[in-house]
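Beneath this line is the structure, given in structure tokens, with notes to follow.
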Amino acid sequence: MIDNKNMILAIVISIAILVGFETFFRKDPPPPQPQQQAATTAQPGSTATPNVNAPTASGTPVIPGAANMPQASAKVLAESRAQALATSPRVRIDAPRLHGSISLVGGVIDDLTLIDYHETVDPTSAEIVVLSPRGAAGAYFAGYGWTVAEGQPMPGLDTVWTADRQTLRADSPVTLSWDNGNGLVFKRTISIDKNYMFTIDQRVENSTNAPVTLYPYGLISRYGTPETTGFYILHEGLLGVVEGALKEIDYSDLQDEPAGISTETTGGWLGITDKYWLTSLIPNQQDAVQTRFLHRKEGLVDVYQSDYLGAPVVIGANGGSGTTQSHFFAGAKEVNLLDGYAEQLGIINFDLAIDFGWFYFLTKPIFLALLWINNHIGNLGVSILALTVLIKLVFFPLANKSYVAMSKMKKLQPEMTKLRERYSEDKVKLNQEMMGLYKKEKVNPASGCLPILVQIPVFFALYKVLFVTIEMRHAPFFGWIQDLSAPDPTSLFNLFGLIPWTPPEFLLIGVWPLIMGISMYLQQKLNPQPADPIQAKIFLFMPLFFMFLLARFPAGLVIYWAWNNTLSIAQQWVIMRRMGIKAKDALN
Numbered sequence: 001m002i003d004n005k006n007m008i009l010a011i012v013i014s015i016a017i018l019v020g021f022e023t024f025f026r027k028d029p030p031p032p033q034p035q036q037q038a039a040t041t042a043q044p045g046s047t048a049t050p051n052v053n054a055p056t057a058s059g060t061p062v063i064p065g066a067a068n069m070p071q072a073s074a075k076v077l078a079e080s081r082a083q084a085l086a087t088s089p090r091v092r093i094d095a096p097r098l099h100g101s102i103s104l105v106g107g108v109i110d111d112l113t114l115i116d117y118h119e120t121v122d123p124t125s126a127e128i129v130v131l132s133p134r135g136a137a138g139a140y141f142a143g144y145g146w147t148v149a150e151g152q153p154m155p156g157l158d159t160v161w162t163a164d165r166q167t168l169r170a171d172s173p174v175t176l177s178w179d180n181g182n183g184l185v186f187k188r189t190i191s192i193d194k195n196y197m198f199t200i201d202q203r204v205e206n207s208t209n210a211p212v213t214l215y216p217y218g219l220i221s222r223y224g225t226p227e228t229t230g231f232y233i234l235h236e237g238l239l240g241v242v243e244g245a246l247k248e249i250d251y252s253d254l255q256d257e258p259a260g261i262s263t264e265t266t267g268g269w270l271g272i273t274d275k276y277w278l279t280s281l282i283p284n285q286q287d288a289v290q291t292r293f294l295h296r297k298e299g300l301v302d303v304y305q306s307d308y309l310g311a312p313v314v315i316g317a318n319g320g321s322g323t324t325q326s327h328f329f330a331g332a333k334e335v336n337l338l339d340g341y342a343e344q345l346g347i348i349n350f351d352l353a354i355d356f357g358w359f360y361f362l363t364k365p366i367f368l369a370l371l372w373i374n375n376h377i378g379n380l381g382v383s384i385l386a387l388t389v390l391i392k393l394v395f396f397p398l399a400n401k402s403y404v405a406m407s408k409m410k411k412l413q414p415e416m417t418k419l420r421e422r423y424s425e426d427k428v429k430l431n432q433e434m435m436g437l438y439k440k441e442k443v444n445p446a447s448g449c450l451p452i453l454v455q456i457p458v459f460f461a462l463y464k465v466l467f468v469t470i471e472m473r474h475a476p477f478f479g480w481i482q483d484l485s486a487p488d489p490t491s492l493f494n495l496f497g498l499i500p501w502t503p504p505e506f507l508l509i510g511v512w513p514l515i516m517g518i519s520m521y522l523q524q525k526l527n528p529q530p531a532d533p534i535q536a537k538i539f540l541f542m543p544l545f546f547m548f549l550l551a552r553f554p555a556g557l558v559i560y561w562a563w564n565n566t567l568s569i570a571q572q573w574v575i576m577r578r579m580g581i582k583a584k585d586a587l588n
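Number 371 in the working numbering belongs to position 371 of the sequence shown; there are no gaps in the numbering.
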């Protein structure tokens, strides 16, 4: 005999595993990185040999490694970001959505803040910092250039470039120049669009009497292991789309790869991601490149690098030139923006920078539907409520079948209790009588389970949408909920602010988690109650368990769950009334 209540219990426990794993088994954040390191002799980059480009007879092309930091910068690692910025001449970045600068030492993009995003909900708080200069703790920068296998002097991370203008704007590209004094002149033109995409055009002019073969490269280097959210459903670390497939590498996993992880690919992209922010190298999508994810130690600091090495470019003698173009993204992971770049530049699966998870085919459409609703309503919290209603309507036939089955079981509860009392010592006879009762009343105890199981992937997908998308960040609802991506800030244990006391985190049970717990309790009471006293106690404890479990989850998720429970209660109540179950019996 299949007990419908047992199946529902299994479903509830599966959901508990989803959210419980994140709370009780979440990855510990990495230890704080040392803020200072001794100045060391710079090594000439990584010695890893790329596979995509055959080395010339005189050597192997090498991408400058993250350790190629100027000695002057290595001495000021404990200084502030502002002091580190002041150590090199700069070209200011004044774009519609970006502030920052380009260092003329190395010609790197190492100073970016996001105009539209702030540290707190206060619009006057500091802008989100994406990139920071070499020499500062937490340095994070992107560089482009050429490398050669023939011994020519080449520009590196300590090369001082000259610029043709002082400010980079969306309508005013900047060209950096450097003469190696040996017949090669390097030019790098950097432009920025109205959002977060840089275009890097590189040109080399050769005035020598012999052709030169150069290899273009791009790199992103990050100093220190950043603190992550630690949730297993969200990837933060190095990632990219290579060979047409998404590759995600955790910081800790890369530390176990001393030679790095290299892959040949045509098209795609690679970079480093946080929960909401992304930096990405985007080679020409028609070119074959060698991508690499690399970890190394710079003194006591972990350094992570994503880079690529392009195909060789032969630059003819006596005035010949060679060019290459690539792109660099640094900014917020906005779905519509990433989709637009994917279409405009032909970038393969660029939207996978947002961790939509296994149920991508559900998660992204649900998110796009949420955005569409929000464009008409103007409040993301209300949009979540409206989307929940639409999902309920889509699954109404299945849910209706499930609740009808539960109602039939609820109606038979008194008869089932009598049978259990009568045949408490004879389990075989009890099962026979139960099956006879089901057959007589035309009730299938398992019929209510399948509709619920079908809806679980949709729940997981919506949960993912509410957790990972940047549109939830700092989005207000009503009243005290000013950030749907943050937990409810109130607490039952200080009477929601009336008592001047800040409870410990595990007692921060806000208004919405309390409403969610009550709604879950009422929904549970409408379901058939298990005869097993142990199961009954578990079910009584479940709403309280979930209330504490979800209290520190994003308010948007808790509001969704409370609203979904309320809609389910209303639907189930109507069905029970239609089937003749009295109000006093429905909650027993």
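Glycine residues also receive a C-beta, built at the ideal position from the N, C-alpha and C atoms.
Express the C-alpha separation of residue j and residue i in angstroms, rounding to a whole number.
i: Pro589; j: Glu127; result: For the chain, the structure presents residues 1 to 588; residue 589 sits outside this window and is missing.
i: Lys5; j: Ile538; result: Residue placement at Lys5 is poorly supported in this model, since its pLDDT is 45, which falls under 50; the coordinates are not used for a value here.
i: Trp277; j: Thr469; result: 11 Å
i: Ala39; j: Gln455; result: The predicted position of Ala39 is uncertain, since its pLDDT is 31 and thus under 50; no value can be drawn from it.
i: Lys392; j: Val443; result: 24 Å
i: Leu549; j: Asp287; result: 49 Å
i: Gly106; j: Tyr140; result: 14 Å
i: Ile481; j: Ala555; result: 7 Å
i: Pro543; j: Ser519; result: 8 Å
i: Gln43; j: Phe545; result: Low confidence applies here, because Gln43 scores a pLDDT of 29, under 50, leaving its location unreliable; read the following figure in that light. Each residue's Cα considered, the two are about 55 Å apart.
i: Ala332; j: Tyr196; result: 8 Å
i: Gln325; j: Tyr217; result: 11 Å
i: Lys429; j: Arg578; result: 33 Å
i: Gln524; j: Trp573; result: 12 Å
i: Asn494; j: Trp561; result: 24 Å
i: Thr279; j: Ile499; result: 45 Å
i: Glu425; j: Gln413; result: 19 Å
i: Leu337; j: Leu462; result: 21 Å
i: Val204; j: Leu104; result: 18 Å
i: His118; j: Ser125; result: 6 Å
i: Leu254; j: Gly138; result: 18 Å
Taking 8 Å as the limit between beta carbons, can you name the residues of its chain near residue i, skipping five residues before and five after?
i: Thr41; result: With a pLDDT of only 28 at Thr41, under the threshold of 50, the placement of this residue in the model should not be trusted, and no figure is reported.
i: Lys194; result: Ala95, Pro96, Arg97 and Ala170
i: His235; result: Glu248, Asp250, Thr273 and Asp355
Can you name, in chain order, every residue of its own chain whose Cβ lies under 6 Å from the Cβ of residue i, other than the five neighbours on each side?
i: Asp302; result: Thr225
i: Phe356; result: Thr363 and Lys364
i: Ile102; result: Val91 and Ile109
i: Ala142; result: Ile109, Ile220 and Phe328
i: His474; result: Val121 and Asp483
i: Trp563; result: Leu385 and Thr388
i: Val129; result: Thr113
Residue i: which of the options sits nearest, CA to CA?
i: Gly237; options: Met520, Thr273, Leu112 and Ile192; result: Thr273
i: His99; options: Pro89, Thr167, Gln152 and Val121; result: Thr167
i: Phe350; options: Leu176, Trp178 and Trp269; result: Trp269
i: Asp94; options: Asn180, Pro173 and Tyr223; result: Pro173
i: Phe467; options: Arg552, Ile377 and Pro500; result: Arg552
i: Ser191; options: Asp201, Val185 and Asn182; result: Asp201
i: Met547; options: Trp512, Ala570 and Leu338; result: Trp512
i: Phe460; options: Gly346, Ile366, Lys408 and Gln432; result: Ile366
i: Leu239; options: Pro457, Leu370, Ile249 and Tyr117; result: Ile249
i: Glu471; options: Ser262, Leu368 and Pro457; result: Leu368
i: Phe361; options: Leu522, Val458 and Glu343; result: Val458
i: Phe541; options: Asn564, Gly517 and Val204; result: Gly517
i: Leu184; options: Val404, Ala137 and Pro211; result: Pro211
i: Leu345; options: Ile282, Gly378, Leu294 and Ala399; result: Ile282
Can you give me the Cβ contacts of residue i inside the same chain, cut-off strictly under 7 Å, excluding the 5 residues immediately before and after it?
i: Thr265; result: Val242, Glu243, Val289 and Thr291
i: Pro397; result: none
i: Ile373; result: Ser383, Ala386 and Leu387
i: Pro31; result: Confidence is the limiting factor: at Pro31 the pLDDT is only 45, short of 50, which leaves the residue's position unreliable, though a coordinate-based value still follows. Here the set comprises nothing.
i: Asp179; result: Val185
i: Leu507; result: Ser491 and Phe493
So, is the C-beta of residue i closer than 8 Å to a C-beta in chain B?
i: Ser568; result: Looking at the structure shown, chain B is missing, and only one protein chain is on hand.
What are the residues that DSSP puts in a beta bridge with residue i?
i: Ala288; result: Thr266
i: Met197; result: Phe329
i: Asp250; result: Gly237
i: Glu205; result: Val185 and Ser321
i: His295; result: Tyr304
i: Leu522; result: Answer by DSSP bridge pairing: none, since Leu522 is not bridged.
i: Trp178; result: Phe186
Hey, which unbroken runs of the beta strand (DSSP E) at 3 residues or more fall wholly within the region 356-439?
none
Segments assigned beta strand (DSSP E), at least 3 residues, entirely inside the region 123-172
Complete beta strand (DSSP E) runs here, min 3: 127-131 and 140-148.
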